[in-house]
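Accompanying notes for the structure given below.
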Amino acid sequence: MSRDQNRPLIASRRVVLAGGVIATMAGLASCFRSEAPVDDQGRVRIRFATDWLAQAEQGGFYQALASGAYEKRGLNVQIVQGGPGVNVPQLLAAGAVELGMGSNSFIPFNLVAENAPVKAVAAFFQKDPQVLIAHPDAALKSIADLRGRPFLLADASITAFWVWLKAKYGFTDDQVRKYTFNPAPFLADERAVQQGYLTSEPFTIKDVGGFDPKVFLLAD
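One point on numbering: in the numbering used here, the residue at position 186 of the sequence shown is 183, and numbering is uninterrupted.
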């Protein structure tokens, strides 16, 4: 989606923010709309879906809302919190939101593979913060050493970075276990591997489990 000045036009594309990257994708509901919706004060109305419940990594978006930064630029932004079971690309395609945040940079790759018109226009992290987390083990030197171990993954991750992991490292789908965003299953199984964000889950595991986990940043 493009945000032009004053009364902008919305192209037949919506926006996805994946791993700190904003990318546009085909939006079914926007295909027949040429002008951006505005409120009674002439501000452009934008519904922005985050990839999770409010957290530190998203602080800038909420601060901009609280400080009036959006309003000063002629925008009426409504932040829609994500969470378990929330599929941001589906919300975009259905026209439920105009902007969306993805949890990793593989999401726009998938959109390209599906022939959706995708264009990256901004990055908020220098690296994708997606990580794989394991229990301390001197034998684990790289991601390749995780072969054969059970992986706790969310549904969205299975269609995103897991596809790449299988292709690059030979992992198989029988390794996948359901990730419920609860560290208990990981802590109970010393061979388990859990997905996470570099700025979040490793600290939760240390706090709850009392140890520093082995962390592999996918971007490396």
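Cβ coordinates follow ideal geometry from the N, Cα and C atoms, glycine included.
Note that the coordinates shown come from a computational prediction; the quantities given were computed from them, not determined experimentally.
In the DSSP assignment, VAL74 falls within the unbroken beta strand (DSSP E) covering 72 to 77. VAL128 and ALA164 have their alpha carbons spaced roughly 17 Å apart. Proximity to PHE213 across ASP125, ALA63, ASP186 and ASP171 peaks at ASP125, based on C-alpha coordinates.
For PHE168, no beta strand (DSSP E) segment is defined, and its DSSP state is neither H nor E. Scanning its chain for C-beta atoms nearer than 7 Å, with the 5 sequence neighbours on each side dropped, one finds around ALA61 the residues TYR67, in chain order.
ARG144 is not a Cβ neighbour of ARG188, given a cutoff of 8 Å.
Residue LEU96 holds the alpha-carbon nearest to the alpha-carbon of ARG44 among TRP159, ALA51, LEU96 and ILE155.
For ALA46, the enclosing beta strand (DSSP E) starts and ends at 41 to 46. A straight-line Cα-Cα distance of about 42 Å links ALA90 and GLY207.
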